[in-house]
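Numbering (the working numbering), first residue to last: 2 to 518.
The beta-carbon is built from N, C-alpha and C at its ideal position, and this holds for glycine as well.
Fair warning: this is a prediction, and the values are worked out from it, not measured in the lab.
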């Protein structure tokens, strides 16, 4: 693969404008999400809590959650949030913009990779960027306080390095840097995305097997060296339990599915139509992906990337939809290369919007039974408004052509955020009620019965861990002997009625006061 030759100036400007439009469109929707909804429990609230404890303690080596070592994820996201705070001051908005910044960068990198894979095809970079930004899954998850947007950037940087490694061997070191970045973002899962591409380089490039193996080993060494700069001091500081968790327990448990999110092997295949919406709902897209370009090296590159990721993540026990976020660029590249994007028919994609629209209207008019549905529908006008907008979008989607086809995915993500802004979801997920209680408590000690996952640590700006309890007996004994203390628990976990009950971060909590039963 060689660097793209010079192109017609107008075509190049159109392509650049499309990439910029895709990046701006995603960034606008992500920013609207940050400003319109609270951090989502339990993931966003937990990661903000870990970043906040890093800020409070000044310990940048070993992450902590509620005072305990947090070995579930590497520290890069928490470092980046703290860097933002160091420059602009502590704020929820600043912390929550880290993910969208990487999500925006990944769209630009996808366009650059398309240009590297198919230098003689003008327009492919702009189409790739638009397709990636147009995935509703991408528009939603890449805008959250999570690790997957950073990982997607690392995967794209590694893929770009691989396209250059055949001509310039030092780019294997660039692959190593990408491996290190991805490992610091989300651990060894970066290998599941990039190792198949690296090890099969002779199938999609002029590289021989011996050079490929040597380059891959060099890249692995660089990646391990980068991670080791953090990992070795962190293990020494965190102790044996942290060492075992980081080096073995976490990865083994996630592969086996015992750590949570265990799913059957067919989980991703079953959800692929939703993950790939709206593009995979087009017959033209599916036909082009399955039937064309088998002799194209760039197509082999993307198909190995996509196929290996689906296979490996299907074999891993723990599965979540956002695990495939770094794989979406592979689909976007194939769609951009082989489908006539300007003539894609998305009529079938409107069926999902239609179903969601009728569901929202059913909520608004009380047609779905149950207390949870009734609570979610309040106020009825908000649910009705979202439902009507979804129906309008459903009928408009088949009419869209060209650049406008990026709108369905972005609009769906935007409407989800709007539902939080004007409807019950925003109130249900907000931590404000508990924040007000903890603020009024001042310096009084606070205990928690159950599994606390940082739901209100950052929102309340807690500077001390909550006192954890595993049993009602221990919690109530502590409460009785600690004047002025507060105890927080799920109402059903304690037989004594609480002094107050509030909804916070998607759950209901009871609050008990010291000295009163």
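Residue 285 carries a helical assignment under DSSP once its states are collapsed to helix, strand and coil. Here residue 354 is near residue 413, since their CB atoms are less than 8 Å apart.
Nearest in C-alpha terms to residue 285, of all of 341, 313, 100, 325, is 341. By the neighbour-count definition (other C-beta atoms within 10 Å, threshold 16), residue 344 is an exposed residue. When 176, 239, 244, 181 are compared, the shortest CA-CA separation from residue 215 is found for 176. Collapsing the DSSP output to three states places residue 43 in coil.
Contact check for residue 79 against residue 52 passes: the beta carbons are separated by less than 8 Å.
Taking the C-beta atoms as reference points, residue 228 is found nearer than 8 Å to residue 181. Judged by pairs of C-beta atoms under 8 Å, the stretch 415-435 does not touch the stretch 52-67, as fewer than three such pairs exist. Beta-bridge partners of residue 195 (DSSP): none assigned.
In the DSSP assignment, residue 382 falls outside any beta strand (DSSP E) and lies within the alpha helix (DSSP H) extending over 381-397. Annotated three-state conformation of residue 468 is strand, per DSSP. Rounded to the nearest whole angstrom, the CA to CA distance from residue 501 to residue 363 is 33 Å. Distance check between residue 61 and each of 204, 230, 269 places 230 closest, using alpha-carbon atoms only. In this structure, 306 is the residue among 310, 95, 306, 481 with its C-alpha nearest to the C-alpha of residue 204.
As computed with DSSP, residue 513 is found in a beta bridge with 488.
Around residue 376, the same chain offers 425, 429 as residues with beta carbons nearer than 8 Å, after the five sequence neighbours per side are excluded. Runs of the alpha helix (DSSP H) spanning 4 or more residues and lying entirely within the stretch 192-243 occur at 202-205, in chain order. Under the three-pair Cβ rule at 8 Å, the stretch 129-141 does not count as touching the stretch 39-55. Between the C-alpha atoms of residue 347 and residue 390 there is a straight-line separation of about 18 Å. With a cutoff of 8 Å on beta-carbon distance, residue 513 and residue 503 are scored as not near each other.
Distance from the CA atom of residue 144 to the CA atom of residue 129, rounded to whole angstroms, is 19 Å.
Taking all protein chains in view, the Cβ of residue 277 is crowded by 16 or more other Cβ atoms within 10 Å, so the residue is classified as buried. Residue 449 is bridged by DSSP to 469, 489.
With fewer than 16 other CB atoms across the displayed protein chains lying within 10 angstroms of its CB, residue 368 is exposed. Looking at 511, 454, 372, the one whose alpha-carbon comes closest to that of residue 43 is 454. With fewer than 16 other Cβ atoms inside 10 Å of its own Cβ, residue 464 counts as exposed.
Annotated three-state conformation of residue 463 is coil, per DSSP. In the DSSP annotation of this structure, the continuous segment of the alpha helix (DSSP H) that includes residue 437 starts and ends at 433-442.
With 16 or more other Cβ atoms from the protein chains shown falling within 10 Å of its own Cβ, residue 448 counts as buried. In the DSSP assignment, residue 501 falls outside any alpha helix (DSSP H) and within the unbroken beta strand (DSSP E) covering 501-505. Within the same chain, 95, 96, 98, 99 come within 8 Å of residue 85 by CB-CB distance, once the 5 residues on both sides are set aside. Assigned with DSSP and collapsed to three states, residue 128 falls in helix. If you draw a straight line from the Cα of residue 170 to the Cα of residue 120, it comes to about 20 Å.
Under the criterion of beta carbons closer than 8 Å, residue 63 and residue 308 do not qualify as touching, at roughly 38 Å. Unbroken beta strand (DSSP E) runs of no fewer than 3 residues, entirely contained in the stretch 89-134, are not found.
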